[in-house]
């Protein structure tokens, strides 16, 4: 009997030791033993302003914690579809800290409330919508799994997406962006960078690109020779000369099977319509491209 009891004690000790070894792995992301947990997402917003955000997880019944700075963080269950989260009570110091495996964050329902956003410590983030939030900066250096980004109508002057290799969808129109880095995003399919102040853009590695809206910038050249899947292109309102337009048209590939390509251009003055340019326009039509001079982009 003593030997049996002793065996139970030894097994219990081994189990306890195993649990101690596993404890750091079972903690929420951002937590380390003996230290305060690091928030994965921090949102700063104007005091006394209602704030509602939407969160999404990769898996159902994912637990996240919201820290309002008043003591014990509040636990919430979120799902693989977006869940509305109304921020109450008013956070101390106007900052909400979020802990947990968040895959999607949507702040677009209360854009005027947001002052700053920190998401670079949330590597699980796949979707981010901050449209209209008036952000002056957005650090995405720690978001390698980001696939979709909506950041239109902010105050961004630069946007570096070098770390976002999984990015497929980017809408950053109506900012003040003079530098856009997407050369590492070889999965990018949709890009709307219109209404900015871009003078150049490198899309040489974006072989998956299908839709490009870059109208109303300051581009003097546009090179798409490596983007053979493109079939929607708007580039009016730039500084493209007739020669640059001719070079662009010659570089267009045949529109994908089952698609008619469409390119939106500025109207070309008759005095600039050289024989060479006229022949190049005809060549584009033979490649199943329609040239539109209306200055109005129509959906696919």
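In the numbering used here, the protein residues as written are 1253 to 1552. Glycine included, every Cβ here is placed at the ideal spot set by N, Cα and C. Fair warning: this is a prediction, and the values are worked out from it, not measured in the lab.
| Query | Result |
| --- | --- |
| Residue 1328 (DSSP reduced to helix, strand or coil) | strand |
| Outcome for residue 1300 when other beta-carbon atoms lying within 10 angstroms are tallied against a minimum of 16 | exposed |
| Sequence-distant residues of the same chain with beta carbon closer than 8 Å to residue 1278, five excluded per side | With a pLDDT of 41 at residue 1278, under the threshold of 50, the modelled position of this residue cannot be trusted; read the value that follows with caution. Closer than 8 Å at Cβ, skipping near neighbours: no residue. |
| Straight-line Cα distance separating residue 1330 from residue 1489 | 44 Å |
| Beta-carbon gap between residue 1395 and residue 1416 smaller than 7 Å | yes |
| CA nearest to the CA of residue 1377, picked from 1414, 1433 and 1401 | 1401 |
| Cβ-Cβ separation, residue 1427 to residue 1458 (assumed contact under 8 Å), whole Å | At roughly 19 Å, the Cβ-Cβ gap does not stay under 8 Å, so residue 1458 and residue 1427 are not in contact. |
| The stretch 1498-1508 in contact with the stretch 1535-1546 per 3-pair CB rule at 8 Å | yes |
| Residue(s) in a DSSP beta bridge with residue 1308 | 1356 |
| Residue 1513 - containing beta strand (DSSP E), residue span | 1513-1516 |
| Residue 1475 - DSSP class collapsed to helix/strand/coil | coil |
| Inter-residue Cα distance where the pair is residue 1285 and residue 1351 | Its pLDDT being 44, under 50, residue 1285 is placed unreliably by the model, and the measurement read from it follows with that caveat. Each residue's alpha carbon lies about 15 Å from the other. |
| In DSSP terms, what residue 1541 is bridged to | 1513 |
| Test item: CB-CB of residue 1308 and residue 1356 under 7 Å | yes |
| Element boundaries [alpha helix (DSSP H), containing residue 1498] | 1494-1503 |
| Length of the line joining the Cα atoms of residue 1410 and residue 1302 | 29 Å |
| Reduced DSSP category for residue 1530 - H, G, I as helix; E, B as strand; rest coil | helix |
| Where residue 1534 falls, given that 16 or more other Cβ within 10 Å makes a residue buried | exposed |
| Assigned exposure category for residue 1550 - 16 Cβ within 10 Å defines buried | exposed |
| Contacts around residue 1353, its chain only, beta-carbon distance under 7 Å, and the 5 residues preceding and following it disregarded | 1281, 1309, 1310, 1314 and 1376 |
| Coil, strand or helix - residue 1447 by DSSP | coil |
| Under the three-state DSSP convention, the category residue 1523 falls into | helix |
| C-alpha distance - residue 1369 paired with residue 1403, whole-angstrom precision | 12 Å |
| With 16 other Cβ atoms within 10 Å as the buried cut-off, status of residue 1337 | buried |
| DSSP-derived helix/strand/coil call for residue 1535 | helix |
| Buried/exposed call for residue 1483, threshold 16 Cβ in 10 Å | buried |
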